[in-house]
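Okay, so the sequence shown: first residue is 1431 according to my numbering, each after it adds one. Note that the Cβ used here is the ideal one computed from N, Cα and C, for glycine as well. Please read all numbers here as calculations on a predicted model, not as lab measurements. Working notes, structure below.
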Amino acid sequence: KAIARPKPLAEIRDNPLFADSIMFRQFRLSVVPLTKEQFTWLVQGK
C-alpha cells in the first residue's frame, strides 16, 4: 500500500524520533530497523 504523503528526507532528519536512528549515521541509506513509533510517524504522520 502506498504512503499517503511521502516525507522528504529533511523532514525525517528534523524529527526528534529519528535523533538516534542509524539511518543518518551511515554513509549511505539502506534498510534500517525502525521503532513502532518511527514506522507509525512515517506511514501515518502521527
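Euclidean distance between Cα positions of residue i and residue j
{"i": "Leu-1439", "j": "Pro-1446", "result": "13 angstroms"}
{"i": "Met-1453", "j": "Ala-1434", "result": "22 angstroms"}
{"i": "Arg-1443", "j": "Ala-1449", "result": "7 angstroms"}
{"i": "Gln-1468", "j": "Val-1461", "result": "14 angstroms"}
{"i": "Lys-1431", "j": "Lys-1466", "result": "18 angstroms"}
Whole-angstrom C-beta distance between residue j and residue i, which should lie under 8 angstroms
{"i": "Leu-1472", "j": "Lys-1437", "result": "6 angstroms"}
Residue i Cβ short of 7 angstroms to the ligand ADP heavy atom set
{"i": "Lys-1431", "result": "The model on display carries no ligand, and the ligand ADP is accordingly not part of it."}
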